[in-house]
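For reference, the structure is listed below as structure tokens.
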Ligand SMILES: [Zn+2]
């Protein structure tokens, strides 16, 4: 066969094969077969070497034109296949945009975080500024300055975690602070009077049972000014109880003993279940909220505040306990709050 015939046969064969190509894999096979390095076109090109210079020039040009037209045909087929594929997608993978979507689960803040913000806001309206003092603390601030000396039996009540760190001659050992009262003297040491402090922080004690978690939160209020009295204390708690627990709730103070306050009180709130009448939960209509009192003059002195001029009140309450006592919440095991069980947390 002559060169021209060979080339024509190749082109005819190519067009026949191209007509039956149905997808991009077949198209690629076709390209390799006719345009690749071991393709039919290369076989035809080999005939060129036996030709004269003039013949070769003309034949070469024809071969190149044939090659170019086949390349263009392959490109066009490729575009067509893609168009057909996309058209098919529109029907094969049709999405009904009128159907409602599947909403991803939406989280919310942990009940502790919510309570911290609520309590912070209630006291902020009374001029108290939220602060945080160290969680890893010297015994000095956690105990000594609060009139709880190294050998005082009250120290056992706090079930303290000790840090394995060098002891300071004055400040003693390092501990995980067992109460937010550690911030009281630290706040006074800033030397900025009067003080309206709301210290909300994590606290730690070696206790774990239905009413204790080893890491819990306290909020500590500290008010130091000229002429602060027990009346202010009562007014603060009345306000807090009504804001946080509801307008029908009442507060009462019971005399108590703490080392760092004099006089000291346990603060009770009227029971939310029986509205103060008395029930199985509260017995006499009252439940305990937390401790409070007027700062002992020694504590003021430890913070560099003159007790002849200033007086102060302080209160420190467990946040988890306060949250769980809120009307409608009756958490049987405080540890559940930190179990990370979404089924529990979603309820609040
Ligand atoms: Zn009750």
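In my numbering, the protein residues as written are 37 to 384.
All C-beta atoms in this analysis are idealised placements derived from N, C-alpha and C, irrespective of residue type, glycine included.
With a threshold of 16 other beta carbon atoms within 10 Å, residue 198 falls short and is exposed.
Short note on residue 321: C-beta closer than 7 Å to some heavy atom of ligand 1. In this structure, the C-beta of residue 314 approaches ligand 1 to less than 7 Å from one of its heavy atoms. When secondary structure is reduced to three states using DSSP, residue 254 falls in the strand class.
Counting of Cβ neighbours within 10 angstroms places residue 242 among the exposed residues, the total staying below 16.
Relative to ligand 1, the nearest heavy atom lies less than 7 Å away from the CB of residue 317. Following the DSSP letters along the chain, one finds residue 240 inside the beta strand (DSSP E) bounded by residues 231-240. Boundaries of the alpha helix (DSSP H) around residue 355: 355-361. Using a cutoff of 7 Å, the CB of residue 325 does not count as near ligand 1, since none of the ligand's heavy atoms is closer than that.
The beta carbon of residue 361 sits closer than 8 Å to those of 281, 305, 308, 323, 325, all from its chain and outside the five residues before and after it, given in chain order. Between the alpha carbons of residue 65 and residue 378 lies a distance of about 56 Å. Rounded to whole angstroms, the gap between the alpha carbons of residue 74 and residue 120 is 30 Å. In the structure shown, the three-state DSSP call for residue 271 is helix. Residue 289 has its CB no nearer than 7 Å to any heavy atom of ligand 1. Exclusion of the five residues before and after residue 341 leaves 224, 229, 260, 348 as the residues of its chain whose Cβ lies within less than 8 Å of its Cβ. Separation of residue 60 and residue 112 (C-alpha to C-alpha, rounded to the nearest whole angstrom) is 12 Å. Within the same chain, 295, 296, 332, 334, 335 come within 7 Å of residue 183 by CB-CB distance, once the 5 residues on both sides are set aside. The nearest non-hydrogen atom of ligand 1 is less than 7 Å from the C-beta of residue 309. 110 is the residue among 300, 79, 219, 110 whose C-alpha sits nearest the C-alpha of residue 63. Annotated as distal: residue 219 and residue 293, with beta-carbon spacing of 8 Å or more. For residue 298, the three-state secondary structure derived from DSSP is strand. Taking C-beta atoms under 8 Å as the contact rule, residue 95 and residue 84 qualify, at a distance of about 6 Å.
Our two residues, residue 284 and residue 313, have alpha carbons roughly 13 Å apart in a direct line. Three or more beta-carbon pairs separated by less than 8 Å are not found between the stretch 202-210 and the stretch 240-257, which leaves the two stretches without contact. By the criterion of a C-beta distance shorter than 6 Å, residue 371 is surrounded in its chain by 249, once the five residues flanking it on both sides are discounted. When DSSP states are grouped into helix, strand and coil, residue 309 belongs to the coil group.
Contact between residue 291 and residue 330 is absent: CB atoms are separated by about 12 Å, not below the 8 Å threshold. The alpha helix (DSSP H) runs lying completely inside the stretch 49-134 and spanning 4 residues or more are 60-71, 76-82, 89-128, given in chain order. Taking the C-beta atoms as reference points, residue 352 is found nearer than 8 Å to residue 215.
By the CB criterion at 8 Å, residue 231 and residue 258 fall inside the cutoff. Linking residue 122 to residue 108 through their CA atoms gives a straight-line distance of about 21 Å. Across the set 69, 68, 80, the C-alpha of 80 shows the shortest separation from the C-alpha of residue 41. In this model, residue 279 and residue 369 are separated by some 25 Å (Cα to Cα).
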